[in-house]
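Below is one structure, written out as structure tokens, with a few remarks after it.
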Amino acid sequence: GEASGALVLQPESAEQPGHAYCSLLGAAANTNSALSPAGFVAADKILQAAEDSLVAAGIPPAQLAAVHPHGMGNPASDVPELTGLLEVLAGSARQQPLVLVGHKANFGHSMCAAGIVSVIVSSTALHHAAVPVHIGIQTKIKLLHSAVGVLLPTLSPAVLGEVGLGRAGSVSGTSVSGDNVHIVLQVK
Numbered sequence: 303g304e305a306s307g308a309l310v311l312q313p314e315s316a317e318q319p320g321h322a323y324c325s326l327l328g329a330a331a332n333t334n335s336a337l338s339p340a341g342f343v344a345a346d347k348i349l350q351a352a353e354d355s356l357v358a359a360g361i362p363p364a365q366l367a368a369v370h371p372h373g374m375g376n377p378a379s380d381v382p383e384l385t386g387l388l389e390v391l392a393g394s395a396r397q398q399p400l401v402l403v404g405h406k407a408n409f410g411h412s413m414c415a416a417g418i419v420s421v422i423v424s425s426t427a428l429h430h431a432a433v434p435v436h437i438g439i440q441t442k443i444k445l446l447h448s449a450v451g452v453l454l455p456t457l458s459p460a461v462l463g464e465v466g467l468g469r470a471g472s473v474s475g476t477s478v479s480g481d482n483v484h485i486v487l488q489v490k
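For the sequence shown, my numbering begins at 303 and goes up steadily by one.
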């Protein structure tokens, strides 16, 4: 389905803070090779954007409680994207599992608004410390069975704990033109 969304941004230095759900800690973007076919998902570029956003945010991967991949429902792109993300974000240094956040399995791709909807869903999950069930995932993603410290909530919501100085998460996005973006959000 199609969707739209809007964010209200406010500097942290505002005299009268509003009802901010989270802060943007860091962001990074890159693009696939000009020779890549439209819609091609490059795991190495997604990995690089994730690493660069964490450097910009100044936090280690193990401090992220959750990640919202761009995919989660498209077998052709889920595997390369999750391969890149999990190489950076998952692993044995984690004290809590990395929870996968998503919206596409619940109410569709949302077309041009997929990126903004991902940010809204992720910031809401971080704010409320809960990730809803992915009701639309009918088949298990085989890659996740061997991933260390990763949780895909398919039966019950996942509760997010605080890691380090606050609850942090990230959002990964790709475009049909080959752009890759990764942002890091935090609730304090």
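Every residue gets a Cβ at the ideal spot worked out from N, C-alpha and C, and that includes glycine.
Since this is a predicted model, take the numbers as computed values, not measurements.
In the three-state reduction of the DSSP assignment, Ala392 falls in the coil class.
For Thr333, no alpha helix (DSSP H) run applies; the uninterrupted beta strand (DSSP E) run containing it begins and ends at Ser325 to Thr333, by DSSP. In the DSSP assignment, Ala470 is bridged to Leu366 and Gln488. Between His484 and His436, the alpha-carbon positions lie close to 21 Å from each other.
Restricting attention to beta strand (DSSP E) runs no shorter than 3 residues, the stretch 393-429 encloses them at 400-402, ordered along the chain.
The beta carbon of Val486 sits closer than 8 Å to the beta carbons of Leu326, Leu327, Gly328, Ala329, Ser355, Leu356, Ala358, Ala359, Ile361, Leu366, Ala470, Gly471 and Ser472 from its chain, once the five residues preceding and following it are set aside; these are given in chain order.
Ranked by how close their Cα comes to the Cα of Lys490, the residues Ala322, Ser306 and Gln312 have Ala322 in first place.
Close CB contacts of Gly463 within its chain, under the 8 Å cut and outside five residues either way in sequence, are with Ala367, Gln398, Ala431 and Arg469 (chain order). Annotated three-state conformation of Leu453 is strand, per DSSP. The alpha-carbon of Val401 is positioned some 14 Å away from that of His429. Ranked by Cα distance from Ile348, the options Ala364, Pro382, Cys324 and Val369 are led by Pro382. In terms of CA proximity to Ser474, Ala345 leads the group Ala308, Val310, Ala345 and Gln312. With contacts defined as CB atoms closer than 8 Å, Val433 and Val403 qualify as a contacting pair. Under DSSP, no beta-bridge partner is assigned to Gly373. With contacts defined by Cβ atoms closer than 8 Å, Leu391 and Ala352 form a contacting pair.
For Ser479, there is no enclosing alpha helix (DSSP H), as DSSP marks it with neither H nor E. With distances taken between CA atoms, Ser424 lies nearest to Lys406 out of Ser477, Ala331 and Lys406. For Ala351, the three-state secondary structure derived from DSSP is helix. According to the DSSP secondary-structure assignment, Val433 is paired through a beta bridge with Ala460.
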